[in-house]
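Residues in the sequence shown are numbered consecutively from 9, following my numbering. Heads up, the beta-carbon is just placed ideally off N, CA and C, and yes, glycines get one too. Structure first, then comments.
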Amino acid sequence: MGSLHVDRVSVEFPAGRHAPVVVALKEVDLKIQPGEFVVALGASGCGKSTLLNLLAGFLSPSQGQIKLNDAVVSGPGADRAVVFQKHALLPWLNVIDNVAFGLKLRGMGKSARYDTARKHLVHLGLGAFETHPVYQLSGGMQQRVGIARALASDPEILLMDEPLGALDALTREKAQELIIRIWKDTSKMVFFITHSVEEALFMGTRLIVMSPRPGRITHTFDLDFGRRFLAGADARTVKASPDFIKMREQVLKIIFGDEEAAGGDHV
Ligand SMILES: Nc1ncnc2c1ncn2[C@@H]1O[C@H](COP(=O)(O)OP(=O)(O)O)[C@@H](O)[C@H]1O
Ligand SMILES: [Mg+2]
């Protein structure tokens, strides 16, 4: 398994009739290594989704390049799977057919794709729901179907744009735990966007903080809170520990603009 390399990437959206040119990203450098869980935080409009869309191959850089395993990314591919905030499931298909859909498009036979889909549904606690229509599921379950579908194609990297943003607090915490367990079990690279500082600190192995106009990475932090949870600590205990709270306040200061007091690794 190789790494993902964002190499001095800029993205400019051209001016519209009433809108100036937007420099959504300016000379962004980022390397994601196998097994890393990179979390992006930053105010709205700082270019997080633009960066994710580049990694997915939905967008091309104006300058610079993205490389996966030393090959330039020039469009979407099965080696990268995306989970959005709002699930993008097909409402006319049941749960297992949603998960198996991409495999079908790639020509996998019916029993092989059902076996694969079933394995991921069981892993995500949805084994009993494979024949349910997706609209009968709760929001949290629909998001898990979306994650199962992303995993079914066995991508090298999972790209997640605020995947838990629409969930209630309790479901969200459970989903955080589930996702980092999956990350540990599959050792995939993850790029995860969130608005929640607590979620970012808990889940990531590395945090990047971005700032707008032009969008860039201003700070990075190495994290190990999620690994404490995976080693057996209770999630709430991890989130209430003094070093977690200290880092949470430090990151909040950066985001709210009091950088002098914040410290961290300036980029
Ligand atoms: N297709 C587009 N055309 C013009 N401007 C865009 C487009 N997509 C995003 N932008 C602008 O680029 C900036 C970064 O957007 P985005 O990546 O969505 O930010 P974030 O996800 O961090 O909130 C914003 O100013 C946004 O308005
Ligand atoms: Mg966004």
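Residues bridged to residue 42 (per DSSP): Its beta-bridge partners do not exist; DSSP assigns none.
Proximity to residue 31 [Cα-Cα], best of 39, 12, 199 and 19: Residue nearest to residue 31 within the set 39, 12, 199 and 19 is 19 (criterion: CA-CA distance).
Residue 263 versus 241, 213, 254 and 205, residue with shortest Cα-Cα distance: Answer by Cα proximity: 205.
Reference residue 141; option with closest CA among 102, 128, 214 and 14: When each option's Cα is compared against that of residue 141, the closest is 102.
Neighbourhood of residue 84 by C-beta, 8 Å cutoff - its chain only, sequence neighbours within 5 removed: Hits under 8 Å: 64, 65 and 66.
Nearest to residue 197 (by Cα), restricted to the options 111, 117 and 90: Out of 111, 117 and 90, 90 has the C-alpha closest to the C-alpha of residue 197.
Proximity test, residue 210 beta-carbon vs ligand 1 heavy atom, cut-off 7 Å: Look at residue 210: its beta carbon is at least 7 Å from all of the heavy atoms in ligand 1.
Test: residue 135 CB closer than 8 Å to a CB of chain C: This model lacks chain C altogether; it includes just one protein chain.
Beta-carbon gap between residue 77 and residue 10 smaller than 8 Å: Residue 77 is a Cβ neighbour of residue 10, given a cutoff of 8 Å.
Exposure label - residue 269; buried when at least 16 CB within 10 Å: For residue 269, the predicted structure reports a pLDDT of 49, less than 50, and the residue's modelled location is therefore unreliable. A value from the coordinates is still provided. So residue 269 ends up on the exposed side.
Ligand 1 heavy atom lying under 7 Å from the CB of residue 261: Not one heavy atom of ligand 1 falls within 7 Å of the beta-carbon of residue 261.
Distance cut 5 Å, beta-carbon to ligand 1 heavy atom: residue list by chain order: Taking every residue with its beta carbon within less than 5 Å of a heavy atom belonging to ligand 1 gives, in chain order, 21, 30, 32, 52, 53, 54, 55, 56, 57 and 58.
Neighbourhood of residue 216 by C-beta distance below 6 Å, restricted to the same chain and skipping five residues each side: Excluding sequence neighbours, residue 216 sits near 48, 225 and 228.
Check: residue 162 C-beta below 7 Å from any heavy atom of ligand 2: No, since every heavy atom of ligand 2 falls outside the 7 Å radius drawn around the Cβ of residue 162.
With 16 other Cβ atoms within 10 Å as the buried cut-off, status of residue 187: Answer is buried; the Cβ neighbour count reaches 16.
Stretch pair the stretch 122–135 + the stretch 146–162: three plus CB contacts closer than 8 Å: A contact between stretches requires three or more CB pairs, one per stretch, nearer than 8 Å, and the stretch 122–135 meets this requirement with the stretch 146–162.
Whole-angstrom distance between residue 145 and residue 208, CA atom to CA atom: Distance between the alpha carbons of residue 208 and residue 145 is about 26 Å.
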